[in-house]
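What follows is a set of notes on a single structure, which appears directly below.
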Amino acid sequence: MVLIKYPATQYCDGLRGPLIVYDEDDSHASLYDVDDESTVITLTDWYHEKAKTITSGATTPNSTLINGLGRYSAGNETTLAVVNVTQGTRQVGNVSATPSYSMQINPWETTVAMFLEFAFSDGIFTVNGVEYVPPTVPVLLQILSGAQTADSLLPSGSIISLPRNATVELSMTGGVNSEQHPMHLHGHTFSVVRAAGASDYNFVNPIRRDVVNAGDSTDNVTIRFTTDNPGPWIFHCHIDWHLEEGFAVVFAERTDEWNSTIHPTEQWDNLCPTYDALSSDDL
Numbered sequence: 001m002v003l004i005k006y007p008a009t010q011y012c013d014g015l016r017g018p019l020i021v022y023d024e025d026d027s028h029a030s031l032y033d034v035d036d037e038s039t040v041i042t043l044t045d046w047y048h049e050k051a052k053t054i055t056s057g058a059t060t061p062n063s064t065l066i067n068g069l070g071r072y073s074a075g076n077e078t079t080l081a082v083v084n085v086t087q088g089t090r091q092v093g094n095v096s097a098t099p100s101y102s103m104q105i106n107p108w109e110t111t112v113a114m115f116l117e118f119a120f121s122d123g124i125f126t127v128n129g130v131e132y133v134p135p136t137v138p139v140l141l142q143i144l145s146g147a148q149t150a151d152s153l154l155p156s157g158s159i160i161s162l163p164r165n166a167t168v169e170l171s172m173t174g175g176v177n178s179e180q181h182p183m184h185l186h187g188h189t190f191s192v193v194r195a196a197g198a199s200d201y202n203f204v205n206p207i208r209r210d211v212v213n214a215g216d217s218t219d220n221v222t223i224r225f226t227t228d229n230p231g232p233w234i235f236h237c238h239i240d241w242h243l244e245e246g247f248a249v250v251f252a253e254r255t256d257e258w259n260s261t262i263h264p265t266e267q268w269d270n271l272c273p274t275y276d277a278l279s280s281d282d283l
């Protein structure tokens, strides 16, 4: 059901919204796994002038809004609605003044599956065969300064680019150098869908952490997180000696958004001159 205000075409100007009325004896209740404000998607036509100034009767709207947000061909790239859904849940309401809508959600692959192979040899840890050596210019500054593109970030082989709005499913080697390593991810908390010592995956109610034990060599520890936070996020062993020995990798997440979403302060700008002024004995 749609809550509307008809007089004086106020409906066309946006005075409208969804009103869900529940019937305890609804014979179709089984069609809705969840039915609350989180599952409502509104489709709306939008006119770029007040309805009372439109004199041609039924007219073509300038744009279409989903949950109150949208874009049109001559406009700016404004924010779009993001709807987080659980498979099988649905509730769509058409609150437009004129058109009818045919709605379709195209299938797409949103899971980025990866395996990180940890190894140790000659006093050096590697991730996928590469030792992490800190770059002379931090990864974030490489992008913000325009010195590097996403596919040429340094250190080479230690930067993994991640797209936006994807679910990263990450599995890793356990028991490297006969030790259990605490692996820490910056920028996110993640779901531990398979913990050390477990043989099953838990996708229903996994624990949420930012550090996970990689376990023994017989384990296949797996974590999941969503790429909803643009930035360079290091994933490393939390034993400092191991980090110093190269046990790390950096996820470069949504690099195309860094310049527009990350705004360093004056204090950040002062870091490089301060660092450059240090003597070799200070480093």
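In UniProt numbering, the protein residues as written are 1 to 283. Idealized CB from N, CA, C, for every residue including glycine. Quick caveat, the model's predicted, so the values are computed rather than measured.
Enumerate in chain order the residues of its own chain whose CB-to-CB distance from residue i is below 8 Å, with the five nearest sequence positions on each side excluded.
i	result
isoleucine 160	Met114, Val249, Val250, Phe251 and Ala252
aspartate 25	none
threonine 78	Leu69, Gly70 and Arg71
Under 8 Å, do residue i and residue j count as touching if we go by C-beta distance?
i	j	result
threonine 227	alanine 277	no
valine 192	proline 206	yes
isoleucine 223	leucine 162	no
leucine 185	aspartate 210	yes
valine 221	valine 168	no
valine 139	leucine 153	yes
asparagine 270	leucine 144	no
asparagine 213	glutamine 180	yes
proline 230	arginine 254	yes
serine 158	valine 176	no
tryptophan 233	histidine 188	yes
arginine 208	tyrosine 201	no
So residue i is in the beta strand (DSSP E); what residue range does that whole segment cover?
i	result
isoleucine 223	222-226
leucine 116	111-116
glutamate 253	248-253
valine 193	190-194
threonine 126	124-127
threonine 60	It is not in any beta strand (DSSP E) - threonine 60 carries neither H nor E in the DSSP assignment.
isoleucine 239	Here isoleucine 239 belongs to no beta strand (DSSP E), and DSSP marks it neither H nor E.
histidine 186	Run containing histidine 186: none; DSSP gives neither H nor E here.
valine 212	211-213
My guess is that residue i and residue j are in contact by the Cβ rule of under 8 Å, so how many angstroms apart are they, rounded?
i	j	result
phenylalanine 190	phenylalanine 225	4 Å
isoleucine 124	glutamate 244	Wrong, their Cβ atoms sit about 10 Å apart, outside the cutoff.
phenylalanine 118	methionine 172	6 Å
Mind checking which residues open and close the alpha helix (DSSP H) that includes residue i?
i	result
threonine 274	271-276
leucine 140	139-144
threonine 261	258-261
Check residue i in the structure and name its three-state DSSP category.
i	result
glutamate 266	helix
valine 2	With a pLDDT of 49 at valine 2, under the threshold of 50, the modelled position of this residue cannot be trusted; read the value that follows with caution. The answer is strand: DSSP assigns valine 2 an E or B state.
glutamate 244	helix
threonine 167	strand
serine 280	helix
proline 18	strand
threonine 39	helix
threonine 44	strand
asparagine 177	helix
serine 158	coil
alanine 74	coil
alanine 119	strand
tyrosine 201	coil
Leaving aside the five residues before and after residue i along the sequence, list all residues of the same chain whose C-beta is less than 6 Å from its C-beta, in chain order.
i	result
tyrosine 6	Only weak support is given to the placement of tyrosine 6: the predicted model assigns it a pLDDT of 49, under 50, and the value that follows is read from those uncertain coordinates. Cβ within range, chain order: n/a, list empty.
proline 155	Val133 and Pro135
aspartate 219	Gly174 and Ala196
leucine 80	Leu69
Answer yes or no: does any C-beta atom of chain B fall closer than 8 Å to that of residue i?
i	result
glutamate 179	In summary, chain B is missing from the structure at hand, where a single protein chain is found.
Between which residues of its own chain and residue i is the CB-CB distance below 7 Å, once the five residues before and five after are set aside?
i	result
threonine 126	Ala119 and Gly246
Could you check whether the Cβ of residue i sits closer than 7 Å to any heavy atom belonging to the ligand FAD?
i	result
proline 138	As presented, the structure is devoid of all ligands, the ligand FAD included, so that no description of it is given.
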